[in-house]
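From first to last, the protein sequence lines stand for chains R and V.
When we follow our numbering, the leftmost residue of the first sequence carries the number 1, and every step to the right adds one.
When we follow our numbering, the leftmost residue of the second sequence carries the number 1001, and every step to the right adds one.
Have a look at the structure below, then the notes.
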Amino acid sequence: MQLLLEQLINGLTIGSFYALIALGYSMVYGVLKLINFAHGDFFTMGSYIGYTVLVFGAAALTVQFGPWIGMLSAICVAALSLTIVGLLVERVAYRPVYPAGRLPAVVSALGASIFLQNTIMLIWGPRYQAYPAELIPVVRFQFGQINITLLQIIILALSFFLMSALYYIIQRTTFGAAVRATAHDRNTASLMGINFNRVILFIFTLGPALGATAGVMVGMYYRQISFTMGWNFGLKAFTATILGGIGNLPGAMFGGLILGVLEMLGAAYISAAWKDVFVFLILILVLIFRPTGLFGEKIAEKV
Amino acid sequence: MSALRNIFKNTPWFVPAAFTALIIVYPFLVSNYFIDIAFFFGIYALLGLSLNIVLGEVGLFDLGHAGFYAIGAYVTAILNTRYQIPILALLPISAFAAALFAYIVCSPIIHLKGDYLCIVTIGMGEIVRLALINNPFDLTGGPNGVFGVDFPKLSPGMVIDSPIKYYFLIWAVVGLSVLGLVSLQHSRIGRAWNCIREDAIAAGTTGINVRHYKLLAFVIGAGLAGVAGNIYASKLMCVSPESFTFWESCLMFCIVLIGGMGSIPGVIIGAGFISLFPEIFRPFAMYRMLVFGSVMIVMMMFRPGGFWPRKRGGVSFRPLMEDSVDGAV
Chain R
1 MQLLLEQLIN GLTIGSFYAL IALGYSMVYG VLKLINFAHG DFFTMGSYIG YTVLVFGAAA
61 LTVQFGPWIG MLSAICVAAL SLTIVGLLVE RVAYRPVYPA GRLPAVVSAL GASIFLQNTI
121 MLIWGPRYQA YPAELIPVVR FQFGQINITL LQIIILALSF FLMSALYYII QRTTFGAAVR
181 ATAHDRNTAS LMGINFNRVI LFIFTLGPAL GATAGVMVGM YYRQISFTMG WNFGLKAFTA
241 TILGGIGNLP GAMFGGLILG VLEMLGAAYI SAAWKDVFVF LILILVLIFR PTGLFGEKIA
301 EKV
Chain V
1001 MSALRNIFKN TPWFVPAAFT ALIIVYPFLV SNYFIDIAFF FGIYALLGLS LNIVLGEVGL
1061 FDLGHAGFYA IGAYVTAILN TRYQIPILAL LPISAFAAAL FAYIVCSPII HLKGDYLCIV
1121 TIGMGEIVRL ALINNPFDLT GGPNGVFGVD FPKLSPGMVI DSPIKYYFLI WAVVGLSVLG
1181 LVSLQHSRIG RAWNCIREDA IAAGTTGINV RHYKLLAFVI GAGLAGVAGN IYASKLMCVS
1241 PESFTFWESC LMFCIVLIGG MGSIPGVIIG AGFISLFPEI FRPFAMYRML VFGSVMIVMM
1301 MFRPGGFWPR KRGGVSFRPL MEDSVDGAV
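So this is what it looks like as structure tokens:
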């Protein structure tokens, strides 16, 4: 029981990383029908920028205002920088390719991914970088027999807050309705006076920012980051997106959380070495029986 | 011979002729290093051609093709090192193993559409790779892989053991595959595939068994990738899981899209781009992958259909009656 609960909490922590990254995939996919392969590298870059802030800038802040302000500033700077990177990538790599259709955009996205990954490698070097441990306090709580670190609680709270905020924006505001309308039918949405470019601007600022936030939190949680980690996390997050039903934002959030929990339960009860196999098997099984994901709507075939 | 005639039909005749001549003359002009580069060009050409069947001809997104490639390579390596079965005898066996694997794995998922199929093939490729790392039944040697794969022997005195011989082996296989694939393109099967790519529902209503033809594409594509795996394993003399990552599948995907979907000369050009580019830009050292990524983006801006897009051959636009008279087209 203790193991189960602890693994559930670990799973939710990892799942919230996947969910935050998955939101970026899902938003871009929903509006542009493009698998944004560069998104995993947005996440990595956010992680590295957060690392730089923590190492060079936040020490002063930490001394003055305490460690949490230092961490928060790292997250904010990373998220803000990545909105700029996201917009740049969209402008340079995707916008010129849209008219040509979906597949050229996939190659362009892969090219952008290679470019970003190698940029990260050139700036920060090919080796693992360790997040400064002394700036991230370790506080443990004991609830009954279950251990939770303060960091986990903060990660869960922050992710929950960000996801609810996004959910609110998308589902409850007028602009969110515009985004959903564009995802549903771009041409009709344009005819209704929705500015397509503003929607793109929105998804390419928010998506990378959420990814970067996840990146900094992953750095704090695992304590070390590498320039290739975007592939792995990106792949898992993309899996989460599909699991929940691609283009469906609540689906992406739940997909991420479910994936994280499955992964941790698989690691605990089946085998740590086979946990990813377990995750992909579940994904394939889900898709065999629900071909549009857990929360995806059944799309009628157009003839 | 009809296959040969067909090559000349859509491309100027001198292109394949000059290309063949270049391939034959090339290894006598350069050092072993450049012969090896051209060998890997051949491997990627074969992989590109195999993925092209699935992605280019039928339009199914397959981002796990490295899994089939891995099956071919590991079947060769394991059977050769354990039971000393000669490499060339294993060539059809690895092709068959990869094809059988594709049949079993793809049967339940073939009804998925577009990106859902894409993620399932990614998952399939990753499962293969992770399984190889985890060393099931002590067969695959874990992360280190399998060592000591033999040279292929044509006859007792004729062993393929030097770069130049491997070079001719792979390009002979590529040449044969091209001939086979061109005639496949112009056959009933090829037309059914293209019909499914353009509109699967319409294809179904005209009596094409969509499921059957999609599976057939996966099986043939996987078999060809298995052949590439066989040659790769004997060339490197060892196989390890890190050769068959998701990245490798992405490279194959790019080969097909950069070259031109469904276009055989395009795919070979795409393979050349992917395998030669990092070598040509070696002087840029650390920046070459940066350049590589940017070139991919720029290329898609200016040639979104690929470097050598497939021309709609006579088949597509001619009236049906005429087409059925000239059955060989």
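Every residue gets a Cβ at the ideal spot worked out from N, C-alpha and C, and that includes glycine.
Here the structure is a predicted model, which means the values were calculated and not measured.
| request: For Y1103 (chain V), I'd like the list of residues in its chain whose CB is within less than 7 Å of its CB, leaving aside the five on either flank, ordered along the chain. | output: Position 103 of the second sequence, counting from 1, holds the residue named residue 1103 (chain V). L1215, V1219.
| message | Along the region 228-258 of chain R, where does the CB come closer than 8 Å to a CB of chain V? Name the residues. | response | W231, L235, F238, T239, I242, I246
| task | Please classify M264 (chain R): does DSSP put it in a helix, a strand, or coil? | result | Taking the first sequence and counting its residues from 1, one reaches residue 264 (chain R) at position 264. In the three-state scheme derived from DSSP, where H, G and I count as helix and E and B as strand, M264 (chain R) is classed as helix.
| field | K1153 (chain V) - DSSP class collapsed to helix/strand/coil | value | For the purposes of this step, residue 1153 (chain V) is taken as residue 153 along the second sequence, with counting starting at 1. DSSP places K1153 (chain V) in strand when its eight states are reduced to three.
| task | Could you check which residue in R:V31, R:L3, R:I9, R:F42 has the C-alpha nearest to that of N232 (chain R)? | result | Within the first sequence, numbered from 1, the residue matching residue 232 (chain R) stands at position 232. Here the closest residue by C-alpha is R:F42.
| query | In whole angstroms, what is the alpha-carbon distance linking P208 (chain R) and I49 (chain R)? | reply | On the first sequence, position 208 is the one that residue 208 (chain R) refers to. On the first sequence, position 49 is the one that residue 49 (chain R) refers to. Taking the straight line from one Cα to the other gives about 13 Å.
| query | So, using beta-carbon positions, are S1243 (chain V) and P1152 (chain V) closer together than 8 Å? | reply | Taking the second sequence and counting its residues from 1, one reaches residue 1243 (chain V) at position 243. Taking the second sequence and counting its residues from 1, one reaches residue 1152 (chain V) at position 152. Contact annotation: S1243 (chain V) and P1152 (chain V) have beta-carbon atoms that are not nearer than 8 Å.
| query | How about D1062 (chain V) and T1020 (chain V): do their beta carbons lie closer than 8 Å? | reply | The residue labelled residue 1062 (chain V) in the question sits at position 62 within the second sequence. The residue labelled residue 1020 (chain V) in the question sits at position 20 within the second sequence. No, Cβ-Cβ distance for D1062 (chain V) and T1020 (chain V) is not below 8 Å.
| message | Considering only the alpha carbon of each residue, which of V:G1142, V:V1159, V:R1197 lies closest to D1150 (chain V)? | response | Reading the second sequence from its first residue, position 150 is the one you call residue 1150 (chain V). Taking only the C-alpha atoms, the option nearest D1150 (chain V) is V:V1159.
| query | Hey, does V216 (chain R) have any beta-carbon neighbour from chain V nearer than 8 Å? | reply | Here residue 216 (chain R) refers to the residue found at position 216 of the first sequence. It does not: the Cβ of V216 (chain R) has no partner Cβ on chain V nearer than 8 Å.
| message | Going by C-alpha to C-alpha distance, which of V:M1296, V:T1245, V:Y1213, V:P1241 sits closest to S1107 (chain V)? | response | Your numbering for residue 1107 (chain V) matches position 107 in the second sequence. Here the closest residue by C-alpha is V:Y1213.
| field | Cβ neighbours of E1322 (chain V) in the same chain (closer than 8 Å, five flanking residues each side left out) | value | Numbered from its first residue, the second sequence carries residue 1322 (chain V) at position 322. With a pLDDT of 37 at E1322 (chain V), under the threshold of 50, the predicted position of this residue should be treated as unreliable, and no value is reported.
| query | Beta-carbon of S1275 (chain V) versus every beta-carbon of chain R: anything under 8 Å? | reply | Counting from one through the second sequence, the residue named residue 1275 (chain V) turns up at place 275. S1275 (chain V) does not count as touching chain R.
| List, in order along the chain, the chain V residues whose C-beta lies closer than 7 Å to that of S226 (chain R)? | As a working note, residue 226 (chain R) is residue 226 in the first sequence. In chain order: nothing, as chain V lies at least about 15 Å away.
| Backbone CA spacing between G11 (chain R) and I258 (chain R) [nearest angstrom] | As a first step, residue 11 (chain R) is located in the first sequence; it is residue number 11 there, counting from the start. As a first step, residue 258 (chain R) is located in the first sequence; it is residue number 258 there, counting from the start. Roughly 8 Å between the two C-alpha positions.
| query | So which residues on chain V does L283 (chain R) lean against when the C-beta distance must stay under 9 Å? | reply | Residue numbering aside, residue 283 (chain R) sits at position 283 when the first sequence is read from its first letter. I1119, V1120, G1123, listed in chain order.
| query | Whose C-alpha, out of V:S1187, V:N1144, V:N1230, V:R1197, is nearest the C-alpha of L1046 (chain V)? | reply | Sequence index remark: in the second sequence, residue 1046 (chain V) carries index 46 (1-based). Nearest of V:S1187, V:N1144, V:N1230, V:R1197 to L1046 (chain V), Cα basis: V:N1230.
| For I1268 (chain V) and I1053 (chain V), the rounded distance between their alpha carbons | Here residue 1053 (chain V) refers to the residue found at position 53 when the second sequence is read from its first residue. Here residue 1268 (chain V) refers to the residue found at position 268 when the second sequence is read from its first residue. If I take the Cα positions, the gap works out to 13 Å.
| task | Check each residue of the region 1151-1163 of chain V: if its Cβ is closer than 7 Å to any Cβ of chain R, include it; give the result in chain order. | result | Contact residues of the region 1151-1163 of chain V toward chain R are absent (C-beta to C-beta distance below 7 Å).
| request: Name the one or two DSSP bridge partners that R140 (chain R) has. | output: Mapped onto the first sequence, residue 140 (chain R) falls at position 140. R:T149, per the DSSP bridge assignment.
| message | Once the 5 residues before and after T205 (chain R) are set aside, which same chain residues still bring their CB inside 8 Å of it? | response | Here residue 205 (chain R) corresponds to residue number 205 of the first sequence, with the count starting at 1. These residues qualify, in order along the chain: T83, G86, L87.
| How should A273 (chain R) be labelled, buried or exposed, when 16 other C-beta atoms within 10 angstroms of its C-beta is the threshold for buried? | The residue labelled residue 273 (chain R) in the question sits at position 273 within the first sequence. With fewer than 16 Cβ atoms within 10 Å of its Cβ, A273 (chain R) is classed as exposed.
| task | With DSSP as the reference, please indicate the residues paired to Q224 (chain R) in a beta bridge. | result | Within the first sequence, the letter at position 224 stands for residue 224 (chain R). Q224 (chain R) is bridged to R:A130.
| said: 8 Å is my cut-off, CB to CB: does F1068 (chain V) come that close to chain R? | reply: Your numbering for residue 1068 (chain V) matches position 68 in the second sequence. No, its Cβ sits nowhere closer than 8 Å to a Cβ of chain R.
| field | Within-8 Å CB hit, V107 (chain R) to chain V | value | For the purposes of this step, residue 107 (chain R) is taken as residue 107 along the first sequence, with counting starting at 1. Yes, V107 (chain R) counts as interfacial toward chain V.
| said: Counting only beta-carbon separations shorter than 8 Å, does S1234 (chain V) have a partner in chain R? | reply: Taking the first residue of the second sequence as position 1, residue 1234 (chain V) is located at position 234. Output row for S1234 (chain V): interface = no.
| request: Pull out every residue of the region 1285-1312 of chain V whose Cβ sits closer than 7 Å to any Cβ of chain R, in chain order. | output: From the region 1285-1312 of chain V, only M1286, M1289, L1290, F1292, G1293, S1294, M1296, I1297, M1300, M1301, P1304 have a Cβ closer than 7 Å to chain R.
| query | How about E1248 (chain V) and D276 (chain R): are their beta carbons less than 8 Å apart? | reply | The sequence position of residue 1248 (chain V) within the second sequence is 248, counting from 1. The sequence position of residue 276 (chain R) within the first sequence is 276, counting from 1. No, these two residues do not count as a Cβ contact at 8 Å.
| task | Mark L235 (chain R) as exposed unless 16 or more other C-beta atoms lie within 10 angstroms of its C-beta, in which case mark it buried. | result | For the purposes of this step, residue 235 (chain R) is taken as the residue at position 235 of the first sequence. The residue in question, L235 (chain R), is buried, as its Cβ has 16 or more Cβ neighbours within 10 Å.
| message | Can you check which of these residues, R:L122, R:L5, R:F280, is closest to G144 (chain R) by C-alpha distance? | response | Sequence index remark: in the first sequence, residue 144 (chain R) carries index 144 (1-based). Of R:L122, R:L5, R:F280, the residue nearest in Cα terms is R:L5.
| Residue closest to I1133 (chain V), alpha-carbon to alpha-carbon, out of V:M1237, V:I1093, V:A1070 | For this step, residue 1133 (chain V) is matched to residue 133 along the second sequence. Checking every option, the nearest Cα to that of I1133 (chain V) belongs to V:A1070.
| task | Would you kindly work out how many angstroms separate the C-alpha atoms of K1113 (chain V) and A1073 (chain V), rounded to a whole number? | result | For the purposes of this step, residue 1113 (chain V) is taken as residue 113 along the second sequence, with counting starting at 1. For the purposes of this step, residue 1073 (chain V) is taken as residue 73 along the second sequence, with counting starting at 1. So the two alpha carbons sit approximately 29 Å from each other.
| Between the region 1243-1276 of chain V and chain R, which residues of the former have CB atoms less than 8 Å from a CB of the latter, in chain order? | F1246, W1247, C1250, F1253, C1254, L1257, I1258, M1261
| message | Using the three-state DSSP reduction, which class does V1239 (chain V) fall into: helix, strand or coil? | response | Taking the first residue of the second sequence as position 1, residue 1239 (chain V) is located at position 239. V1239 (chain V) falls in the strand class under three-state DSSP.
| Interfacial residues, the region 1100-1117 of chain V to chain R, with Cβ spacing under 8 Å | If the cut-off is 8 Å between Cβ atoms, the region 1100-1117 of chain V has P1108, I1109, H1111, L1112, K1113, D1115, Y1116 near chain R.
| message | Does any residue of chain R have a CB that is nearer than 8 Å to the CB of A1131 (chain V)? | response | The residue given as residue 1131 (chain V) occupies position 131 in the second sequence. Chain R, which has a Cβ nearer than 8 Å to the Cβ of A1131 (chain V), makes this yes.
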